[in-house]
Amino acid sequence: MSVWAILVAAGRGERLGTDQPKAFAKLGEMPLLAEPLRRLDESEWIDAVVLVAPPGWEEPAILLAEELGCSKVRACVPGGETRAASVRAGVDEVPDDAAVVLVHDAARPLLPDEVVERVIAPLAEGWDGAVPGLRVSDTVKRVGADGGVVETVARDGLWTVQTPQAFVADALRRAVGGGGEATDCAGLVEAQGGRVKVVPGDPRLLKVTTADDLARIASWL
Ligand code: CTP
Ligand code: MG
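In this note's numbering, the protein residues as written are 1 to 221.
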């Protein structure tokens, strides 16, 4: 059973506000991309990696993979306008005989290998996908444009979800082939009627969105 990972790193990083794309912002001495790429390459659960780079940054992404001594990178392709388009570009590089595809955000550099194991395991039990999640602990309110509270949402059963997200390869192919947009891949699979399980995530999988996030993650390294 071969497991392919797609590392999506093609975003611009507008909220981070650096000159280069977010994947090439510095985390310590290295570009942010180095950390998740090395971790996926070293994971015993992953057989091959497809790197989705910011358009025009494929060359530096390949050089970085070489510098890190990565041995599993099979393709490096430019991403699209949206995250879903970037995932689609990555899925196109995955061969037909791949059994499982795992999609991970380069913007979540601190990928624990236990989480990779946790999201792959449910696929052997008949689930179409599995995603890491954290139970919502704060009170959740829907707020209108004027700042007024519209409603307080019942918190039971609410989780925030992260990446890596693992899928039966055919389920993900069908989902991205639909051409829809969703904020995560699981949303596309759910829209096609796929069954997706939530497994325990990890607070270290914080996504770098702002400069504060980058500083916090650097302090955890
Ligand atoms: N991503 C991508 N292609 C896009 C948009 C996003 O590959 N067109 C990737 C990002 O590189 C990131 C992940 O999807 O690893 C999550 O996206 P996000 O955190 O929103 O990153 P950016 O889109 O780069 O940031 P921003 O929204 O602030 O511009
Ligand atoms: Mg974005």
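Glycine included, each C-beta is placed from N, C-alpha and C at the ideal position.
Please state whether DSSP places residue i in a helix, a strand or coil.
i, result
"K141", "strand"
"A9", "coil"
"V208", "coil"
Determine the extent of the alpha helix (DSSP H) in which residue i is found, giving its start and end residues.
i, result
"W159", "Taken as a continuous stretch (DSSP letters only), W159 belongs to no alpha helix (DSSP H), being part of the beta strand (DSSP E) at 159–161."
"A23", "Careful: A23 lies outside any alpha helix (DSSP H) and carries neither H nor E."
Could you tell me how far apart the beta carbons of residue i and residue j are, in whole angstroms, since I believe they sit closer than 8 Å?
i, j, result
"G11", "R83", "7 Å"
"R38", "L68", "5 Å"
"V189", "V196", "6 Å"
"G133", "G201", "5 Å"
"L16", "T209", "7 Å"
"G79", "A48", "Between A48 and G79 the Cβ distance is about 18 Å, and since that is not below 8 Å, they are no contact."
"A106", "L27", "Contact doesn't hold; Cβ gap of about 11 Å is too wide."
"L206", "I217", "6 Å"
Provide the residue span of the beta strand (DSSP E) that contains residue i, from first to last.
i, result
"P200", "196–200"
Just to confirm the assignment: which complete alpha helix (DSSP H) runs, minimum length 4, are found wholly within the region 33–76? 34–42, 58–67
Would you mind listing the alpha helix (DSSP H) stretches within the region 87–136 that are 4+ residues and don't spill past its ends, in chain order? 113–120
If you scan the region 148–185 from start to end, which runs of the alpha helix (DSSP H) of 4 or more residues do you find wholly inside it? 169–177
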